[in-house]
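Using this note's numbering, you'd call the opening residue of the sequence shown number 507 and step up by one each time. Note that the Cβ used here is the ideal one computed from N, Cα and C, for glycine as well. Data first, discussion second: the structure below is written as structure tokens.
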Amino acid sequence: MKFKERGWMQGLAVNQHGTAEGSMGVAYGDVDGDGHSDLMVTNYYTEINTLFRYDRDGVFEDRTTWRMGLGPATKNMVAWGTQFVDFNNDSWLDLFCTNGHVDNLEKQTQLNYGMKAQVFINQGKGVFEEVTEQSGDYFQDRWVGRGAAFGDIDNDGDMDVVVTNNGGAARLLLNNVGNQNHWLGLRLVGGSRPRDMLGARVGVFRPDGPTLWRRSRTDGSYASAHDPRVLVGLGRTRALSRVRVIWPSGHIEEWTNLSINQWVTLTQGTGRAVEGEQ
Numbered sequence: 507m508k509f510k511e512r513g514w515m516q517g518l519a520v521n522q523h524g525t526a527e528g529s530m531g532v533a534y535g536d537v538d539g540d541g542h543s544d545l546m547v548t549n550y551y552t553e554i555n556t557l558f559r560y561d562r563d564g565v566f567e568d569r570t571t572w573r574m575g576l577g578p579a580t581k582n583m584v585a586w587g588t589q590f591v592d593f594n595n596d597s598w599l600d601l602f603c604t605n606g607h608v609d610n611l612e613k614q615t616q617l618n619y620g621m622k623a624q625v626f627i628n629q630g631k632g633v634f635e636e637v638t639e640q641s642g643d644y645f646q647d648r649w650v651g652r653g654a655a656f657g658d659i660d661n662d663g664d665m666d667v668v669v670t671n672n673g674g675a676a677r678l679l680l681n682n683v684g685n686q687n688h689w690l691g692l693r694l695v696g697g698s699r700p701r702d703m704l705g706a707r708v709g710v711f712r713p714d715g716p717t718l719w720r721r722s723r724t725d726g727s728y729a730s731a732h733d734p735r736v737l738v739g740l741g742r743t744r745a746l747s748r749v750r751v752i753w754p755s756g757h758i759e760e761w762t763n764l765s766i767n768q769w770v771t772l773t774q775g776t777g778r779a780v781e782g783e784q
């Protein structure tokens, strides 16, 4: 196996000003609903968190303009663990960031060692609004945040977060909002010795909205691993047309008549094979 560095060619090496940044945490997901995964990198103090949106032909563009909602809110943070997740299950991927400085400089400067974690709600097409102050007691205090791992801890249909903090206990943040909308939870299993099929891509086809594309994964964020299951927020959608799985091998299968608002296991080889489509 050989690797080739293509950050410059694909528009990911530097920000829109040609500047290299701190680059601690990473999140990726389809934030604008175009079927392609976008990428965000958390950065150091005075460097805003950079959102690289997929443009075309594998090329990304830094579109972290101030109107995207990530500029002023992240400029004075030192950001680490992060992920795109649909906290309110409205079908748009939201954003979570942990924050905390690397040095305790509070006695010498006005910089904060501890910083508030942040939550941004996707208003549609990748435009974010910060809702940190309305997100619960944890977000009212300052922490020296580092890792953030994501998964439906209590299996109630919405995404929860486990956060690690320097010099403090890990915190479990249970989501009590997302299951007010419809959702579908999927565990993707395959192989001769059945296992979670990391890297499998899922398309959820809806009669009343665009197809939602997600991926089974445990990677991303910062020094963290996540629930490999796929949780898809459906908003007000009450029924699905079909669910397509593109397995890591490239084999494609579809399932119909899946009930929503529950966790379902899809096993490779039990769906209807689809040939020649991606």
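Classified as exposed, Trp514 has fewer than 16 neighbouring CB atoms from the shown chains inside 10 Å of its CB. Here Glu639 carries a helix assignment [DSSP, helix/strand/coil]. DSSP lists Gly657 as the beta-bridge partner residues of Asp666. The C-alpha of Asp658 is placed about 10 angstroms away from the C-alpha of Trp769.
Secondary structure of Arg652 (DSSP, three-state): strand.
For Thr773, the enclosing beta strand (DSSP E) starts and ends at 769-773. When DSSP states are grouped into helix, strand and coil, Asn605 belongs to the strand group.
Remark: C-beta atoms of Phe566 and Leu518 approach each other more closely than 7 angstroms.
Taking the Cα positions, Ala706 is about 10 angstroms away from Pro734. With contact defined as three or more Cβ pairs closer than 8 angstroms, the stretch 619-628 and the stretch 578-592 are in contact.
Take His607, set aside five residues on each side of it, and the residues of its chain with a beta-carbon closer than 8 angstroms to its own are Tyr551, Val584, Leu617, Asn618, Tyr619, Gly620, Met621, Val650, in chain order.
The beta carbons of Val708 and Arg693 sit about 11 angstroms from each other, so the pair does not count as a contact at 8 angstroms. Uninterrupted beta strand (DSSP E) stretches at least 3 residues long and entirely within the stretch 537-568 occur at 544-547, 556-562, 565-568, given in chain order. Residue state for Tyr534 is assigned as strand, using DSSP reduced to three classes.
Annotated as distal: Thr548 and Thr570, with beta-carbon spacing of 7 angstroms or more. Within the model, the alpha-carbon separation for Ile766 versus Asn610 is close to 48 angstroms. As a beta-bridge residue in DSSP terms, Gln589 pairs with Phe602. 7 angstroms or more divides the Cβ of Ala655 from the Cβ of Val637. Taking a C-beta distance under 7 angstroms as the contact criterion, Arg648 and Asn672 do not qualify as a contact pair. Looking at the backbone, the Cα of Leu679 and that of Tyr644 are separated by about 8 angstroms. Comparing C-alpha distances from Arg699 to each of Ala623, Gln774, Arg562, Ser529 shows the shortest one belongs to Gln774. In this structure Arg723 is buried. Its beta-carbon is surrounded by 16 or more other beta-carbon atoms within 10 angstroms. Secondary structure at Asn685: helix, using DSSP grouped into helix, strand and coil. If you draw a straight line from the Cα of Gln640 to the Cα of Gln646, it comes to about 9 angstroms.
In terms of Cα proximity to Ile758, the closest of Leu740, Arg744, Glu781, Phe602 is Glu781.
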